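In the order they appear, the protein sequences are chains A and B. Take the first sequence: its letter number 250 is residue 249 in numbering that gives the first Met the number 0, and every next letter is one higher. Take the second sequence: its letter number 64 is residue 63 in numbering that gives the first Met the number 0, and every next letter is one higher. Even glycine gets a Cβ: it sits at the ideal position worked out from N, Cα and C. Bear in mind that the values here come from a model prediction, so they are computed numbers and not experimental data. Let me begin by presenting the structure, written as structure tokens, before commenting on it.
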Amino acid sequence: MRYAETGYNLEIDLSSGNIEKVQTDPALTELHLGGLGTNARILWDRVPPETDPLAPENLLIFGTGLLAGTPAPGANRTIVTTYSPQTLLMAYSMMGGFFAPELKYAGYDKVIFSGRSPELVYIWINNDKVEIKDASHLQGKGVVETEELIKQELEDQDAQVASIGLAGENNVYYASVEHARSSASRAGIGAVMGSKNLKAVAVRGTKDLNIARPEKFIELCNEVLDYIQWRADNPVQHVPPILAGLGSPQEMAIHDEAWHTTAFSWGNARYRRKEFWTEEVEDEWFRVQDGAVQRLISCYNCPMKCGAIIAYPTLELSKYMMKCYSKLTYVMGAMADNLEFGFRIAGLAQGYGVDSYTAPQVMAFAIELYENGILTDEDLPDFPADNEGRFFYLLEKIVRREGIGDVLANGVYWAARQIGGGAEAYDSNTIKKHEQIPIKLGMLNPVFFLMHSTGEKINITQIEGQLPQAPFPEKEDREEFVKNWFQAPSENIKDFFVKWEPRGEYAFPYFPDFQTACELVEWQETMHYIDDTTGICAGLSSFPIKPPYHIHNLPTLISAGTGLDIDKDELWNKIIKRNRCLLRAINTRRGLRRKDDRPPEDHWKKRFPEHEAKLLDEYYKFKGWNSEGIPTRETLRSLDLDHVGEDLEKRGIYDDGQKDEDS
Amino acid sequence: MMGKKTKTVKVINIDLEKCNGCRACEMICSAFHASEKYSSNNPTRSRIRMIRRPLEDIYLPIYAGEYTAAECMGRDKYVIDGKEYDECDFCRASCPSREAFKEPDSGLPLKCDMCEDDPPQEEPLCVKWCLSDALTYEIREEEVEDEEEEEQKDLTQEEMERSIKALADRYGLDKAANSMARLLKKE
């Protein structure tokens, strides 16, 4: 018997309509666990690196986390993996909600789509019965409506649906896959789904999911619940309220947005409005949010309430579900001041299925080009005078790939190059061709420099976590903080935190030492990689400060769930390192090199090119990668990935690196 | 003359406003009732089910009650605070009209036992796992006629009879009896 996982994948070839239930190799679970790990392995093994992301040869993998659907609180995530049309690298956006548990109960760990359907279809997975169904009547429908129509048609309110909107159908490079209150948004996974003519996947399952060592497993789950309750009564001190608790930042429950609105940049990641959050704004925003949020809601088996049902009289889309920070991204991108605009456009955009992170930045970029004469009235006929109107205008153009929308639909990086005429200079906030968090700061942060540079989940929020973002000014407060910081991986990390000062000898950029900086980065990244294999939400694990899941209890939990015997060393230094290096190798094979490991030029005002180069050198060494950021053959061999190293060598990829080094 | 006696009444309070729709109650119920506790889970086996229609803001946990062989003759609709509920939404019965509260493989009816299984829990686990406090637990004492006490049947016997009756309703008494006979033979 298989534990925590089902031991079966569903393979669906959309070109031929062939459907197979395939037993998986338990040895791969031992090597990579599940979720991201095994998704990456499938992509490496089966999709050649020269594959065009929007070609039928690309795979689209809906992989459940290894622990998704088990009693582990917050283990509910689906990791969607493919090659991104935007970054051209591996994309592995993920979503919470209810999809992954339902897929497990239906008897599958993953659904793997290949090929391209001749007509628009959706898939109905009802335990062992799997059908490809006509979706022509759903063409152009928004995701909320699509979900409802499919449930009605299947006469099953308990079915879970993941779908794309118009943006995905039109292959917008930042189209999302939407499901209930969640979405797999980043890097254009919805475009790949659209390219396969796949409108939606519906699933219903009524089978058992097994646990290897039930007594131990449930004991750990109870500890996690107890700690969640304790943390609810004991918020972390000396950080903004939005970061003091667990879960995704509690944007739906908390209305105090002083931190986001004053610390993040507005417009095309340009301006900080340090004076924005006044009492008047606070009152008004409270009123709007209070009126819009009908109920706080959760993902499967999770007590956190990071999402909400949104209903507001002026909404374009009368009702939808929202999570986290999308209420602000459009407001800040449009320099709009008013939160109501945020709720209005976010709902509309979600219906179309676009990433609420990238879309506003693309629109702000377009407005900048217009204001600087690079885009003209010819490109933007009848362009409204106000920014809010312009955002609505641009959204409609983009999701339909109409006129200039066809270019903007490719994201800032590609659009800037297609538009030309100096537009490249306005591409101010991308890394690896993808829009980044709109933050512009003063002093270089060496830890964040490394995470921004090398993170392959492409966005910082998915790499950082657990470490307060700034030092506490008072030493006593720092000492107090580390007293019950049992989540820290080592004494060295605690020592770092106690020493860390806003100014002076123990301040950025030359503090901490290289070794500690590398350890801090690897720890934060490792925790995310664990979550991405288990499907436990980062909001209870790798993201917040002092989370219930951490490096000291996760190995035991995974072992009790699966029956494997994995300790901290095996998990961190073998399995996760293996997954990390495999991902790097996949992207290396698709052309990723050191030159791509670079944050935007103006991310910090004070830059230190020599120190940054040294940081990168030291980090690559620390990871067992060469000076081009490519995992060495030796490193890959030590991780049972010799065939990967061999492939890189055969392709002459190591020689490339060498040449660059010599020149 | 009949005497008065105090009876312990166990109450789960359900506050619909507080429900966040996470379905932890379904999950833990099915895990607790797995044979070898927690060895598997499957919300379809749960004795509490969420009626969940997010966009209508309907979040309604319902507990499995008695088995019934036949569905109601008619249906009613309730409108509460502008939200439309089907009468069946509130019904606890394991009933031919719907899939809820039946074992998915055998079709046998399920019934909430307040987690008084062995070992008895301090509170039903759905309540324990509901950190939103949509479900809370309360024990109160009530005075009842002594006679009622005597009417309490052996619970195991009652459960078994209920299951056999359900089998008979589902497959016909003859088929159920034949199966039983075959099983006896194998023994």
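*Delimiting residues of the alpha helix (DSSP H) encompassing residue 578 of chain A*: 576 to 588
*So residue 351 of chain A and residue 165 of chain A are in contact, right, with Cβ under 8 Å, and what is the actual spacing, rounded?*
5 Å
_Below 8 Å on the Cβ atoms is my contact criterion, and I expect residue 322 of chain A with residue 306 of chain A to pass it. Report the Cβ-Cβ distance as a whole number of Å._
4 Å
*At 7 Å on the CB atoms, spell out the chain B contacts of residue 321 of chain A, in chain order.*
Residues of chain B passing the Cβ test: none, with the nearest at roughly 12 Å.
*At 9 Å on the CB atoms, spell out the chain B contacts of residue 343 of chain A, in chain order.*
Going along chain B, no residue has its Cβ under 9 Å from residue 343 of chain A, so there is no contact; the nearest lies around 17 Å.
*How is residue 273 of chain A classed by DSSP in three states: helix, strand or coil?*
coil
*Which residues in the same chain have their Cβ closer than 6 Å to the Cβ of residue 658 of chain A, if we skip the five residues on either side of it in sequence?*
Per-residue confidence for residue 658 of chain A stands at a pLDDT of 48, beneath the threshold of 50, marking its modelled position as unreliable; no derived number is given.
*Measuring only between beta-carbons, confirm whether residue 291 of chain A sits less than 9 Å from chain B.*
no
*asked:* Strictly under 9 Å for the Cβ-Cβ distance: is residue 301 of chain A near chain B by that measure?
replied: yes
_Any chain D beta carbon closer than 9 Å to residue 127 of chain B_ = No chain D appears in the structure shown, which is made up of the protein chains A and B.
*Between the beta-carbon of residue 2 of chain A and the beta-carbon of residue 107 of chain A, is there less than 9 Å?*
no
*Can you tell me whether DSSP reads residue 430 of chain A as helix, strand or coil?*
strand
_Between residue 56 of chain B and chain A, is the shortest Cβ-Cβ distance under 9 Å, so that the two count as touching?_
yes
*Taking only beta-carbon positions, decide if residue 208 of chain A is within less than 9 Å of chain B.*
yes
*From which residue to which residue does the alpha helix (DSSP H) around residue 282 of chain A run?*
278 to 291
*Would you list, in sequence order, the uninterrupted beta strand (DSSP E) runs of no fewer than 3 residues that lie entirely inside the segment 592 to 658 of chain A?*
603 to 605
*So with Cβ pairs under 9 Å, would you call residue 176 of chain A a contact of chain B?*
no
*residue 349 of chain A (DSSP reduced to helix, strand or coil)*: helix
*Using a C-beta to C-beta distance shorter than 7 Å, which residues of chain A count as neighbours of residue 61 of chain B?*
Here the premise fails: no neighbours, minimum Cβ distance about 13 Å.
*Taking C-beta pairs closer than 8 Å, name the residues in chain A that residue 37 of chain B reaches, listed in chain order.*
70, 210, 213, 214, 216 and 217
*Beta-carbon of residue 64 of chain B versus every beta-carbon of chain A: anything under 9 Å?*
no
*Given 8 Å, three or more beta-carbon pairs between the segment 187 to 194 of chain A and the segment 91 to 102 of chain B*: no
_chain B contact for residue 614 of chain A (CB, 9 Å cutoff)_ = no
_Does residue 238 of chain A come out as helix, strand or coil in the three-state DSSP assignment?_
coil
*What three-state label does DSSP hand residue 43 of chain A in the structure shown?*
helix
*Given residue 135 of chain A as reference, the closest of A:159, A:161, A:168 and A:420 once Cα atoms are compared*: A:168
*Check residue 74 of chain B in the structure and name its three-state DSSP category.*
coil
*Which residues bound the alpha helix (DSSP H) around residue 391 of chain A?*
386 to 399
_Just to confirm my understanding: we take residue 596 of chain A, look at its own chain, exclude 5 residues before and 5 after, and list those with CB closer than 7 Å. What are they?_
452, 453, 615 and 628
*chain B contacts from the segment 270 to 296 of chain A (Cβ-Cβ distance under 9 Å)*: 293, 294, 295 and 296
*Kindly indicate which residue of A:171, A:575 and A:125 has the alpha-carbon position closest to the one of residue 394 of chain A.*
A:171
*Do you know offhand how far residue 548 of chain A's Cα is from residue 39 of chain B's?*
22 Å
*asked:* What residue range does the beta strand (DSSP E) around residue 178 of chain A cover?
replied: 176 to 178
*Does the Cβ of residue 410 of chain A have 16 or more other Cβ atoms within 10 Å, making it buried, or fewer, making it exposed?*
buried
*Pairing CB atoms from the segment 239 to 250 of chain A with CB atoms from the segment 522 to 542 of chain A, are three or more of them under 8 Å?*
yes
*Does the distance from the CB of residue 142 of chain B to the CB of residue 9 of chain B come in under 9 Å?*
no
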